[in-house]
Each structure stands twice: as structure tokens, then as C-alpha cells.
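Below is one structure, written out as C-alpha cells; the observations come after it.
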Amino acid sequence: MLRLFLLEFWRVLRLQLRYPLEFVSGLLILTLLFYGLLIGAQHMTGVDSVGDSLNGIIIGYGTWIIVIAGLNQIPTDITGEAQRGTLESIFLSTYRIDSIYLARSLAGSLQNLVLTFGVLLLLLWLTGRSVQFPPSAILAVATTIIASISLGFFAGGFALRFKQVGRTLMLAQYPLLFMMMTPFENMSPEILNLSMLLPVVPSAVTLRELTTAGKPLGETHIVLAALNAITYLVVSMFFFGRYVRSVKANGLLGGH
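Numbering follows this note's numbering, with no gaps: position 45 of the sequence shown is 846.
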């Protein structure tokens, strides 16, 4: 698995170095999208409509970028391979198909972390805000990545069966944006407890607690975030495996 991850990481790195304009374009688009919405809201209301909650909103936006990358990675790869006619060759690899896509998702997530960090730096600079980022926040970022990859496996199962899922993925971005932006930690204990059952939400809450509220790791929801991420990953990989067997049994692998 380590060798497979290193191979995928090297592939992702070479593609990034070959097409640097894609990285710069993504950085500018994601930054201007958030900043444009923020300026538009302030212009329409005539006041600072977010106030002290802006730091948490920025962190939530960064979390959303990580989640969307994890969600799109596997289904986008499957769709692209199906269109090129190379999807079958991947299934003939000596590695398990779920291991291949897990390694690809992890490698892609590391690349996306650089993009996300750049977007956050630009947004904090443009808004004149600052947030803490203690070393313990790395654990919350790790659980966020794992949970986002689990969403990718769920979407990847549908991509294997239906091949074209682009619009469905776009539709899924909006509830995920709402989930990442909503400050569940400031709501009633009942709502907070229910939100811990949703994918990625415990990780998003923990990130805000560490970076904007300044809580020590022991007073955050890091344990729930880890359990949530691991549980969803195991379930999603089982779901993906079921779809792999179904697609093979029905001869639907080569379609596009």
C-alpha cells in the first residue's frame, strides 16, 4: 500500500508541475468566489453582516474545499477512465481496485491541502483576520480528509454504475457547504449531538474549535471526529465493493 501511495503521489506531483496554471487558476477562483460573495453581502446590507463569525466561516470554507476534493476525486477518475476506455485495465491491476482509489485519493488530498492553505492565507490577508493553527489541528485535518474520501467512495460506486454523475456531484456541493459553514457547536446540545452523526461535520466542528475558539485538543470533539471518519470510510468502501461486484456481474464496466 505504501508503494502504491508513493507511485500515485509521484503521478499527482508530476501532473501538477506539468500544468501549474491549473493550480493558480483554482487558487484565484476559489478565493475570488468567497471574497466576492462576502463583499456582495456587505454591499447589500450596508453592514458587516458576518461580524465576529467571519473567522469560523473562513475555516468552514476551507473545510468545504477539502471535502469537495475528496468527494470528486474517485468518481471523476472513474468517469475519465471510462471515457478513455482504460477503466478495464485498472481492474486488471495486481492491486485491489479499492486500494488504488484510496491511494489516489490520499495523494490528491495532499495536493489539495496546498491549494486550501493558499486560499485560506489569501482570504485571511484580504479580510484582515487571523486564526490560530496549533499542531493538534493536523489531527482534525486528517479526519476531515478521511471523511471526505469516504464520500468519494460512495460517489465512486454510483459512477461505476451510471458513469455520468457530474451534475449529481455539483448538486451535492450545496448541502455540504451548508454543513461545513453551520456552527453546530454554538447550537443546543441536542442539535450538536445529532450533527455528530453526519459525515465530516465532527471534523469541521473540531477544526473551528481548535483554530477560532482556541480550545485545547482534549476539550474538542476530536474523538467523535475520528470515529465518524473511520466509520464512514469502512462503510463506504464496503458499499463501493458491492458496486464493483455488481457492475462486473452485469457486464457494465466498459460502458461510458
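All residues carry an ideal CB built from backbone N, CA and C; glycine is no exception.
Alpha-carbon to alpha-carbon, residue j and residue i
i: L893; j: T887; result: 10 Å
i: V848; j: L839; result: Low confidence applies to V848: its pLDDT is 49, below 50, so where it sits in the model is not reliable, and the reading given next is rough at best. Their backbone Cα atoms lie some 11 Å apart in a straight line.
i: A938; j: V868; result: 16 Å
i: R1046; j: E986; result: 40 Å
i: A1077; j: I879; result: No statement about residue 1077 is possible, as the shown extent of the chain runs from 802 to 1057 and does not include it.
i: S890; j: R1043; result: 19 Å
i: Y902; j: L807; result: 13 Å
Residue i, DSSP secondary structure in three states
i: G919; result: helix
i: K1049; result: helix
i: P1003; result: helix
i: V848; result: For V848, the pLDDT reaches just 49, beneath the cut-off of 50, and the residue's location in the model is therefore unreliable, although a value from the coordinates is still provided. It is coil, neither helix nor strand.
i: G861; result: helix
i: G871; result: helix
i: G929; result: coil
i: F1039; result: helix
Under 8 Å between C-beta atoms of residue i and residue j
i: G871; j: V920; result: no
i: G958; j: Q874; result: no
i: A1030; j: T917; result: no
i: V1002; j: M988; result: no
i: M982; j: A904; result: no
i: I866; j: L1008; result: no
i: V813; j: P876; result: no
i: Q974; j: Q912; result: no
Residue i, enclosing alpha helix (DSSP H) - first and last residue
i: P990; result: 990 to 996
i: N987; result: N987 -> no alpha helix (DSSP H), and no H or E assigned at all.
i: F810; result: 803 to 819
i: F963; result: 938 to 963
i: S890; result: 888 to 892
Any non-hydrogen atom of the ligand ATP within 7 Å of residue i CB
i: R897; result: Only the bare structure without any ligand can be found here, which leaves the ligand ATP out of the picture.
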